[in-house]
Each structure stands twice: as C-alpha cells, then as structure tokens.
Amino acid sequence: MRLLLCLAGHAGEVVSIDDLLNRVWSGVNVTPDSVYQAVATLRRQLGDDPKQPTHIATVPRLGYRMVAPVRPWADQSIAQTPAATGAPAPAPRHRAGFARAAGAVICLALAAAFVFHGKVADNNRSASPAVASEPPKSIAVLPFLDLTEGMKQEEFADGMTEELIDKLSKIPGLRVPSPTSSFYFKDKQIPVADIARNLGVTYVLDGSVRKSGARLRVAARLMRADNGYIVWSESYDRPFNDILMVQDDIAGEVTKALRPSLETRPTP
63 MRLLLCLAGH AGEVVSIDDL LNRVWSGVNV TPDSVYQAVA TLRRQLGDDP KQPTHIATVP
123 RLGYRMVAPV RPWADQSIAQ TPAATGAPAP APRHRAGFAR AAGAVICLAL AAAFVFHGKV
183 ADNNRSASPA VASEPPKSIA VLPFLDLTEG MKQEEFADGM TEELIDKLSK IPGLRVPSPT
243 SSFYFKDKQI PVADIARNLG VTYVLDGSVR KSGARLRVAA RLMRADNGYI VWSESYDRPF
303 NDILMVQDDI AGEVTKALRP SLETRPTP
C-alpha cells in the first residue's frame, strides 16, 4: 500500500529504485528485490500487464512510473467545487499539494477495496470444504516472472519453473501439479489463494528472474496459500554462461532448502 501511495503521489514521474527504498522501506534494511516483488504483487492485484501496462510502467535502468490517471475523488461530500461553496478558487501554488492529496484519497479507496476482497476471500476459504481436505504435503510452482530488461529471458524463466517442478516431484510423499496445470495460470490475474484451491495444494512457490551484465539472479519464495505468509525466501546469483547448468544448479539448491519446510506438517 505504501508503494502504491508513493507511485500515485508522483503520478507521471519516474521514481527510482533508490527513492522507493528510501520512501517505502524507510529505516528497513532490504534489497531491491523487495521492490521488484512488491511491484509484481501490486500489478497482480491491479490486473496490470507489465508488457502493456495501464497502471505501473517499468522504465529500464531508471525505475517505475504510475501511468494511470490520478484525479480527485468525485464524491461531493468529500470535495465540493468552489462554485458550490462560494469559496474562492485555490491559488495555483496549492494545486500541486491538492493533486497529491487527491491521489492519496484514490489510493485509500483502492486499499479499502483490497481489504474487502481479502476478507471475502478469507470467508470463502473458511467455508469451503475443499480447503480442509487439501493434503499438507503439496506444492504448486507458479511460472517464474521475467523481470529482465526488455523481458528477454522468458524462456529461461519458464525452464526454471519446469526444472523446479521436476525436482520437487521427486521428493517422496510430496504432491506437485504438472507443468501443464501450473502454466495454465501464467499471465492470469488470479489471487494465489484461488490458484492453490484450484490445484488442491497447501504451498505455493513463485519467483523471478533478473539479469545484470553477465550475471543472473533468481529469487524464489515459498508461501502458505491459506494465509499468504512467506515460509522461506532466497536469492541466487550465478554467471550467465550455461543456461541449462544454471537452471539445474539453482533448482537443486531451492529443492534442498525447501525440504525442511515441506517435510514439516503445517500447523492448522
């Protein structure tokens, strides 16, 4: 929500990664990965396509820009026109502050919608018998996001997803949906909890791929689908020389790191 407020407060302007870290994660020691993951999650909530954005656009090597229009809330009980109140029109020097305040109102309305959606989803999950019957040792690997410049590593990201599915499916007692089932949800704006319910899994693994020069960074995180809590997360940096070897290497490390979490029965 702080990220949305920050971008909306500077609508039309490019906000750098450093500025976002200083303003949104002030006083917290985090890496740029936090920004990338938060933007990806925000886009998913807004139903925004990163390749053809209508809300948040990526500006390569610079940052992000809010491209959606930000305007005052239309409710007359919140903001009345000068003609209706008899008050003089605001001076030009106050208009910038008014625009930012209006942006905050829009964002707060969006926040209320997100909270309401979350409560409805929670109620549906608690009332659904399918959730209660989900096997505890089950995980779905969602297609990894390609966050490289120009999104030129989609093939690698898809290969990373398939490699992880293959390795996780070899863990005894662990149920893993097939690549066909996971890739059905690629680029679809569906909440993670709904995807997990459709696939009948308790855990969801997702991640992203970024490239900097001759090096590649793969970030992965494991979540409990019923409450959205992150159980485990890690980033892996490798030289980008042999794609297949990098995929196999990182998939092996992720699988090894996930074993303790997946082999422990989750607390109801």
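One point on numbering: in the numbering used here, the residue at position 75 of the sequence shown is 137, and numbering is uninterrupted. Glycine residues also receive a C-beta, built at the ideal position from the N, C-alpha and C atoms. Just so you know, these numbers come straight off a predicted model, no measurement behind them.
What whole-angstrom Cβ distance do L83 and V101 have, given they're in contact under 8 angstroms?
As a position in the sequence shown, residue 83 is number 21, starting the count at 1. As a position in the sequence shown, residue 101 is number 39, starting the count at 1. Incorrect: roughly 12 angstroms between the Cβ atoms, too far for contact.
Helix, strand or coil for Y291, going by three-state DSSP, please let me know.
Translated into positions along the sequence shown, residue 291 becomes position 229. Three-state DSSP puts Y291 in coil, outside helix and strand.
Q236 versus L261, S200, T264, residue with shortest Cα-Cα distance:
Mapped onto the sequence shown, residue 236 falls at position 174. Residue 236 is actually Leu in this sequence, not Gln. Per the Cα distances, S200.
Pick helix, strand or coil for M285, following the three-state DSSP scheme.
For the purposes of this step, residue 285 is taken as the residue at position 223 of the sequence shown. The answer is strand: DSSP assigns M285 an E or B state.
Please return the same chain residues whose Cβ sits closer than 6 angstroms to the Cβ of P239, not counting the five positions on each side in sequence.
As a working note, residue 239 is residue 177 in the sequence shown. Only A202, L261 meet the Cβ criterion.
So is A276 buried or exposed if we call it buried at 16+ other beta carbons inside 10 Å?
Start at 1 with the first residue of the sequence shown, and residue 276 comes out as number 214. Result: exposed.
Less than 8 angstroms between the CB atoms is what I'm expecting for A282 and Y265, so what's the real figure, rounded?
Locating residue 282 in the sequence shown gives position 220, where the first residue counts as 1. Locating residue 265 in the sequence shown gives position 203, where the first residue counts as 1. 12 angstroms between Cβ atoms; not a contact.
Could you tell me which of L306, E224, I312 sits nearest to L241, measuring between CA atoms?
Position 179 of the sequence shown, counting from 1, holds the residue named residue 241. At residue 241 the sequence reads Pro, which differs from the Leu that was named. For the residues L306, E224, I312, the minimum Cα distance to P241 belongs to E224.
Which residues mark the beginning and the end of the beta strand (DSSP E) in which G125 is found?
Here residue 125 refers to the residue found at position 63 of the sequence shown. Here the beta strand (DSSP E) through G125 covers 125-128.
Under 7 angstroms Cβ to Cβ from E315, same chain only, skipping five residues before and after it: list those, please.
By 1-based counting over the sequence shown, the position of residue 315 is 253. These residues qualify, in order along the chain: Y298.
Answer with buried or exposed for I312, where buried requires no fewer than 16 other C-beta atoms within 10 angstroms of its C-beta.
Reading the sequence shown from its first residue, position 250 is the one you call residue 312. Buried.
Option nearest K250 by Cα separation, candidates D81, D111, A70, E75:
Reading the sequence shown from its first residue, position 188 is the one you call residue 250. Among D81, D111, A70, E75, the Cα nearest to that of K250 belongs to D111.
From R300, S274, P301, V263, residue whose alpha carbon lies closest to that of M285:
If you number the sequence shown from 1, residue 285 lands on position 223. The shortest C-alpha separation from M285 is found at V263.
With distances taken Cα to Cα, identify the nearest neighbour of V132 among H72, G89, D228, V90.
Counted from its first residue, the sequence shown places residue 132 at position 70. Ranking H72, G89, D228, V90 by Cα distance to V132 puts H72 first.
Where in the stretch 223-274 do unbroken runs of the beta strand (DSSP E), each at least 3 residues long, occur, reported from the N-terminal end onward?
265-274
Classify P191 as helix, strand or coil using the three-state DSSP reduction.
The residue labelled residue 191 in the question sits at position 129 within the sequence shown. Because the pLDDT of P191 is 41, which lies under 50, any placement of that residue in the model is unreliable, and the question is left without a value.
Leaving out the 5 sequence neighbours to the left and right, which residues in its chain are closer than 7 angstroms to A258 when beta-carbon positions are compared?
As a first step, residue 258 must be located in the sequence shown, where it is residue number 196. A202, V266, A287.
Please report how far the alpha carbon of S334 lies from the alpha carbon of R321, in whole angstroms.
Lying before the first or after the last residue shown, residue 334 is absent from the chain, which here runs from 63 to 330.
Assuming G125 contacts I79 under a Cβ cut-off of 8 angstroms, what Cβ separation, rounded to an integer in Å, is found between them?
Position 63 of the sequence shown, counted from the first residue, corresponds to residue 125. Position 17 of the sequence shown, counted from the first residue, corresponds to residue 79. About 6 angstroms; that satisfies the 8 angstroms criterion.
Can you tell me where the beta strand (DSSP E) holding T120 begins and where it ends?
The residue you call residue 120 lines up with position 58 of the sequence shown. It spans 118-121 - the beta strand (DSSP E) in which T120 sits, taken as one unbroken run.
When the Cα atoms are used, what is the spatial distance from P94 to A319?
By 1-based counting over the sequence shown, the position of residue 94 is 32. By 1-based counting over the sequence shown, the position of residue 319 is 257. The straight-line gap from Cα to Cα measures roughly 22 angstroms.
Segment limits, beta strand (DSSP E) that includes V90:
By one-based count along the sequence shown, residue 90 stands at place 28. V90 -> no beta strand (DSSP E), and no H or E assigned at all.
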